[in-house]
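Asks: In my numbering, the protein residues as written are 3 to 76. Yeah, the Cβ is synthetic: ideal placement off N, Cα and C, and Gly gets one too. My structure is below; once you've seen it, I'll send some questions.
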């Protein structure tokens with residue numbers, strides 16, 4: 003498992019990553035607070051709340067893995 007759908011497109015079996023919009027927004031808010039004078043040590047670290055799972059079905063087939071329909075429906 004990697005972090006980046008690009009690797010799945012290149013043949014990696016799976017990727018699980020935070021949605022970029024949330025990560026980018028959190029990073030921008032963090033930088034904005036620092037630019038407004040906040041000390042980085044005083045800021046909370048925000049965790050992403052939404053993630054995306056990418057599965058390479060061709061790689062799964064080559065490996066003899068059957069991906070459950072319930073997982074594909076998500």
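Assuming contact is defined by CB atoms lying nearer than 8 Å, are residue 20 and residue 52 in contact in what I supplied?
Replies: With contacts defined by Cβ atoms closer than 8 Å, residue 20 and residue 52 form a contacting pair.
Asks: Which residue or residues does DSSP assign as beta-bridge partners of residue 65?
Replies: Its beta-bridge partners do not exist; DSSP assigns none.
Asks: Is it a yes or a no for the segment 55-65 touching the segment 6-15, going by three-plus beta-carbon pairs under 8 Å?
Replies: yes
Asks: Please report the distance separating the alpha-carbon of residue 39 from that of residue 50.
Replies: 24 Å
Asks: With distances taken between CB atoms, is the gap from residue 58 to residue 45 smaller than 8 Å?
Replies: no
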